[in-house]
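Throughout the sequence shown, residue numbering follows the numbering used here, covering 2 to 387 in sequence.
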Amino acid sequence: MEYYDELRKFVAPEVVYGIGARNMVGRYCENLSSSKVMIVTDPGVIEAGWLNDITKSLEEMNLKYMVFDKVSQNPRIYEVMEGARIYSESNCDVIVSIGGGSPMDCAKGIGIVVSNGGHILDYEGVDKISSPIPPLIFIPTTAGSSADVSQFSIISNREELIKFAIISKAIVPDVALIDPETTVSMNGYLTACTGIDAMVHAIEALVSTASSRITDIHAIEAIKLIWKYLKLTIDNPFDLELRSKIMFASMEAGFAFSNAILGAVHAMSHSLGGLLDLPHGECNALLLDSVVDFNFLAVPEKFRIVADCFGISVEGLNDVEIKNEIINSIKFLKSETGVCRRLSDVGVKLSDIPDLAEKAMNDPCMITNPRVPVKRDIEVIFENAF
2 MEYYDELRKF VAPEVVYGIG ARNMVGRYCE NLSSSKVMIV TDPGVIEAGW LNDITKSLEE
62 MNLKYMVFDK VSQNPRIYEV MEGARIYSES NCDVIVSIGG GSPMDCAKGI GIVVSNGGHI
122 LDYEGVDKIS SPIPPLIFIP TTAGSSADVS QFSIISNREE LIKFAIISKA IVPDVALIDP
182 ETTVSMNGYL TACTGIDAMV HAIEALVSTA SSRITDIHAI EAIKLIWKYL KLTIDNPFDL
242 ELRSKIMFAS MEAGFAFSNA ILGAVHAMSH SLGGLLDLPH GECNALLLDS VVDFNFLAVP
302 EKFRIVADCF GISVEGLNDV EIKNEIINSI KFLKSETGVC RRLSDVGVKL SDIPDLAEKA
362 MNDPCMITNP RVPVKRDIEV IFENAF
């Protein structure tokens with residue numbers, strides 16, 4: 002296929018990338034003529050001290066603000082609804098979020114409800130948002146979720162024990178202030194989990210049925226950077242050059258998956274994380290190699306690119322041998338970075354698997370998986386990761 006044969010769209014926020022980017026938040030809020038800012042964050046970000054930089058920047062511009070920090074590691078429905086109530090009652094007009102994926106996803110949910118009304122559950126699925134939401138300015142403090150550049154919001158429904166996805170270009174942030182310095186407060190395990198999360202974003206985007214040359218460029222660069230630098234970053238946590246490489250990879254992966262969408266790893270991860278309230282990055286890590294095993298033969302040419310990104314020489318190897326090399330490389334990366342638990346280690350029971358598979362099959366991320374599964378296929382993948 003020639004370049005002119007391919008029709009694709011690509012959505013992304015305005016991005017300011019680099020050390021100190023977070024300190025520009027006041028200027029951007031002023032540019033948006035804000036009269037009062039809602040800051041959405043969580044207690045861990047406050048403890049790390051990053052909130053102080055944001056409030057200082059706003060104060061320097063004489064901007065009013067209020068802080069909403071009641072966000073769990075997997076944002077709950079009631080947190081979104083409470084945030085929307087407070088936003089409206091406080092007469093805010095811009096949302097700034099600083100943190101990992103949880104505060105940013107919650108901030109998106111708040112914006113949806115305050116502009117569109119109703120309940121956040123009304124917007125589950127793809128393109129359910131009819132009215133523009135308030136301006137969003139996001140400052141990520143982890144290098145993995147890419148919520149700062151994506152059209153996804155993932156919310157935890159604790160009544161149904163599932164996470165649900167909201168996908169719409171209406172929730173792509175207006176501005177992403179991506180500052181690698183904020184990631185130095187992550188411990189080694191969180192660095193590993195979020196880094197592998199970004200790796201999964203990139204691999205799933207690359208093999209997605211909605212991938213394109215535009216998204217492939219970003220996905221390939223992300224895979225290369227994470228493979229080469231994640232372990233080094235964990236070993237040298239205060240090296241800003243290394244932190245910057247992983248943060249850049251997370252951004253690249255975000256550009257890729259936001260536009261190419263994802264696949265079975267994320268569909269299953271949402272089901273798993275919803276059941277046990279586990280960190281999203283770890284859920285992805287638990288499932289990645291088993292899903293690669295399932296998907297490989299659907300798009301072997303794309304997985305050959307993954308092999309190349311991993312530095313695997315494929316000359317003379319058949320498809321099965323290449324697949325095994327990739328799976329072994331993924332297992333090696335997980336082992337090297339300390340993310341090597343299995344489903345049985347995190348509380349999953351074999352009796353949970355049929356329900357987990359059923360919920361995963363209904364997740365919108367499954368639509369773009371390169372191989373169309375039936376429920377039993379997903380059960381087997383869960384069993385292989387057990």
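From the three backbone atoms N, C-alpha and C, an ideal C-beta is built for every residue, glycine too. Keep in mind that this is a model prediction, so the values were computed, not measured.
DSSP on residue i, reduced to helix/strand/coil?
i, result
"N329", "helix"
"M2", "For M2, the pLDDT reaches just 44, beneath the cut-off of 50, and the residue's location in the model is therefore unreliable, although a value from the coordinates is still provided. In this structure, M2 counts as coil in the three-state DSSP scheme."
"M187", "coil"
"I134", "coil"
"F297", "helix"
"N24", "helix"
"L33", "coil"
"V375", "coil"
"V349", "coil"
"K65", "strand"
"P174", "coil"
"V340", "coil"
"N285", "helix"
"S291", "helix"
"V315", "coil"
"P280", "coil"
"F139", "strand"
"V208", "helix"
"G264", "coil"
"V381", "helix"
Starting from residue i, follow the beta strand (DSSP E) in both directions and report where the run begins and ends.
i, result
"N53", "First-last for N53: W51 to E61, but that is the alpha helix (DSSP H), not the beta strand (DSSP E)."
"E15", "E15 to Y18"
"N319", "Run containing N319: none; DSSP gives neither H nor E here."
"A166", "I163 to I168"
"I156", "F153 to N158"
Which same chain residues end up closer than 6 Å to residue i when comparing Cβ atoms and leaving out the 5 residues on each side of it in sequence?
i, result
"M2", "Unreliable positioning characterises M2 in this predicted model, as indicated by a pLDDT of 44, which lies under 50. The coordinate reading is nonetheless provided below. For M2, where only same-chain residues beyond five positions count, there are no Cβ hits under 6 Å."
"I58", "Note that residue 58 corresponds to Ser in the displayed sequence, not to Ile. Contacts found: N24, V26 and G27."
"G348", "L277"
"S186", "A49"
"P428", "The requested residue 428 is not part of the displayed model; the chain covers only 2 to 387."
"K303", "L207 and V208"
"F239", "V185"
"Y18", "I179"
Determine the direct distance from the alpha carbon of residue j to that of residue i, and round the result to whole angstroms.
i, j, result
"C284", "E61", "41 Å"
"L241", "G119", "43 Å"
"G21", "E182", "7 Å"
"V373", "C366", "12 Å"
"L226", "I313", "15 Å"
"S36", "V115", "17 Å"
"V12", "L233", "32 Å"
"A261", "S330", "24 Å"
"E380", "D346", "18 Å"
"L318", "G100", "43 Å"
"E205", "N370", "8 Å"
"I224", "E359", "30 Å"
"R9", "S213", "7 Å"
"S98", "N188", "21 Å"
"G196", "T184", "11 Å"
"P104", "E316", "45 Å"
"K109", "P136", "10 Å"
"P174", "F311", "32 Å"
"S132", "T210", "29 Å"
"I155", "I121", "11 Å"
"L357", "A386", "13 Å"
"V307", "S91", "48 Å"
"I47", "D236", "25 Å"
"R377", "L33", "50 Å"
"V68", "T142", "17 Å"
Quick one: residues in its chain with C-beta nearer than 7 Å to the C-beta of residue i, no 5 flanking neighbours on either side, listed in chain order?
i, result
"I111", "V41, V81, G84, A85, Y88 and I96"
"L64", "G27, C30, E31, S35 and V38"
"P44", "D70"
"A171", "I130, P133 and I134"
"C107", "V41, V72, P76, E80, V81 and G84"
Which same chain residues, not among the five before or five after residue i, have their C-beta less than 8 Å away from its C-beta?
i, result
"G274", "N75, S157, K164, P280, H281 and C284"
"I327", "V293, F297, F304, V307, A308, F311 and I313"
Got a sec, what are the start and stop residues for the alpha helix (DSSP H) residue i sits in?
i, result
"I111", "G102 to N117"
"V81", "I78 to E90"
"N260", "L241 to A261"
"I235", "R214 to D236"
"I354", "I354 to M362"
| Would you say the segment 247 to 266 touches the segment 334 to 343, given that touching needs at least three Cβ pairs under 8 Å? | no
| Quick one: any contact between the segment 269 to 276 and the segment 284 to 300, if contact means 3 or more CB pairs under 8 Å? | yes
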